[in-house]
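Quick note, the sequences are listed as chains A and B, same order.
Here my numbering is used: the first sequence runs in plain steps of one and ends on residue 304.
Here my numbering is used: the second sequence runs in plain steps of one and ends on residue 123.
For each residue, glycine too, the CB sits at the ideal point set by N, CA and C.
Just so it is clear, the structure is predicted and the values come from calculations on it, not from any experiment.
Working notes, beginning with the structure itself.
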Amino acid sequence: GAVVSQHPSRVICKSGTSVKIECRSLDFQATTMFWYRQFPKKSLMLMATSNEGSKATYEQGVEKDKFLINHASLTLSTLTVTSAHPEDSSFYICSADSPGAGYTFGSGTRLTVV
Amino acid sequence: GQQVMQIPQYQHVQEGEDFTTYCNSSTTLSNIQWYKQRPGGHPVFLIQLVKSGEVKKQKRLTFQFGEAKKNSSLHITATQTTDVGTYFCAGRSSASKIIFGSGTRLSIRP
Numbered sequence: 191g192a193v194v195s196q197h198p199s200r201v202i203c204k205s206g207t208s209v210k211i212e213c214r215s216l217d218f219q220a221t222t223m224f225w226y227r228q229f230p231k232k233s234l235m236l237m238a239t240s241n242e243g244s245k246a247t248y249e250q251g252v253e254k255d256k257f258l259i260n261h262a263s264l265t266l267s268t269l270t271v272t273s274a275h276p277e278d279s280s281f282y283i284c285s286a287d288s289p290g291a292g293y294t295f296g297s298g299t300r301l302t303v304v
Numbered sequence: 014g015q016q017v018m019q020i021p022q023y024q025h026v027q028e029g030e031d032f033t034t035y036c037n038s039s040t041t042l043s044n045i046q047w048y049k050q051r052p053g054g055h056p057v058f059l060i061q062l063v064k065s066g067e068v069k070k071q072k073r074l075t076f077q078f079g080e081a082k083k084n085s086s087l088h089i090t091a092t093q094t095t096d097v098g099t100y101f102c103a104g105r106s107s108a109s110k111i112i113f114g115s116g117t118r119l120s121i122r123p
């Protein structure tokens, strides 16, 4: 079946630094990938839609300059949390629309900013 | 904007009892998907419903899509401890954007 690999699974960083999260579709090509944020015991909040070869589409209220998205190839999208602050601590998860299998999610990245 | 409401927020049942979660959209959906997220895990795709009034079954799970394509339900018969987790519906609008419901967290007493 379709697999989406996400790294790292956990990261702890200092306030003010930047963190890059990678999302790869392993056995299919994804022209579109999605980035979500999930707070504890809450639903998934769509942050942005990553489009291969073009600019990402951000949801209302999501800061483009803070959450940089790059989708340079058909199998890789990256999310960079810039100048991270403790309030950015969260579970970030990517997904891709895989053929016939709904959305396939990565395993998620738990970011802790100290 | 489009909203997808899901109830109940929590459900605690005795093992062997049935469980149902309901999903309602403010707009007509082109399709609806259901996902299960185990504690500490990521959402896993269960099924997609496309047709008005569609009913699909996966073993003890029964999924329904309403006639108006604005609501859906997931019913689990005779729950087992392996059913523990949060069940999300996700509705796709005509604009192709998928909106996740708030989820129903199922816990089970052995």
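Nonlocal neighbours in the same chain, by C-beta distance under 6 Å from residue i, ignoring five residues either side
{"i": "B/Q27", "result": "R122"}
{"i": "A/L264", "result": "Q219, E242"}
{"i": "B/I20", "result": "Y35"}
{"i": "A/H197", "result": "E212"}
{"i": "B/I112", "result": "Q15, V17, G104"}
{"i": "A/I259", "result": "A238, S240, A246, L269"}
{"i": "A/F281", "result": "Q228, G298, R300"}
Burial state of residue i, where buried means 16 or more other Cβ atoms lie within 10 Å
{"i": "A/L216", "result": "exposed"}
{"i": "B/R51", "result": "exposed"}
{"i": "B/T23", "result": "With the sequence shown as reference, residue 23 of chain B is identified as Tyr, and Thr is not the correct amino acid for it. B/Y23 comes out exposed."}
{"i": "B/S43", "result": "exposed"}
{"i": "A/A238", "result": "buried"}
{"i": "A/K231", "result": "exposed"}
{"i": "A/D255", "result": "exposed"}
{"i": "B/Q16", "result": "exposed"}
{"i": "A/T302", "result": "exposed"}
{"i": "B/T92", "result": "buried"}
{"i": "A/F295", "result": "buried"}
{"i": "B/F76", "result": "buried"}
{"i": "A/A286", "result": "buried"}
{"i": "A/F229", "result": "exposed"}
Whole-angstrom distance between residue j and residue i, CA atom to CA atom
{"i": "A/S205", "j": "A/G251", "result": "21 Å"}
{"i": "B/G54", "j": "A/R214", "result": "18 Å"}
{"i": "B/E67", "j": "A/S273", "result": "47 Å"}
{"i": "B/K69", "j": "A/S267", "result": "33 Å"}
{"i": "A/T221", "j": "B/N84", "result": "29 Å"}
{"i": "A/C203", "j": "A/I211", "result": "13 Å"}
{"i": "B/L59", "j": "A/T247", "result": "27 Å"}
{"i": "B/G79", "j": "B/S38", "result": "11 Å"}
{"i": "A/G292", "j": "B/Q46", "result": "7 Å"}
{"i": "B/G29", "j": "B/S86", "result": "19 Å"}
{"i": "B/V57", "j": "A/T207", "result": "32 Å"}
{"i": "A/P276", "j": "A/C284", "result": "21 Å"}
{"i": "B/S65", "j": "B/T41", "result": "10 Å"}
{"i": "B/Q61", "j": "B/Q71", "result": "12 Å"}
{"i": "A/V194", "j": "A/S288", "result": "9 Å"}
{"i": "A/H261", "j": "B/V97", "result": "35 Å"}
{"i": "B/K49", "j": "A/V304", "result": "31 Å"}
{"i": "B/G116", "j": "B/K110", "result": "18 Å"}
Whether residue i touches residue j by CB criterion (8 Å)
{"i": "A/S233", "j": "B/G114", "result": "yes"}
{"i": "A/V201", "j": "A/T270", "result": "no"}
{"i": "B/D31", "j": "B/T95", "result": "no"}
{"i": "A/S199", "j": "A/S279", "result": "no"}
{"i": "B/T99", "j": "B/R73", "result": "no"}
{"i": "B/S120", "j": "B/H25", "result": "yes"}
Cutoff 8 Å; reference residue i; Cβ partners in own chain excluding five residues on either side
{"i": "A/L236", "result": "F224, W225, Y226, E249"}
{"i": "B/V63", "result": "S43, N44, F78"}
Counterpart residues of residue i in DSSP-defined beta bridges
{"i": "B/S115", "result": "The partner list for B/S115 (beta bridge, DSSP) is empty, contrary to what the question assumes."}
{"i": "A/G212", "result": "The sequence given here places Glu at residue 212 of chain A; Gly does not occur at that position. Its beta-bridge partners are A/H197, A/T268."}
{"i": "B/Q19", "result": "B/C36"}
{"i": "A/R227", "result": "A/M235, A/Y282"}
Close beta carbons around residue i, own chain, < 7 Å, minus the five adjacent residues each side
{"i": "B/K82", "result": "T41, L42, S65"}
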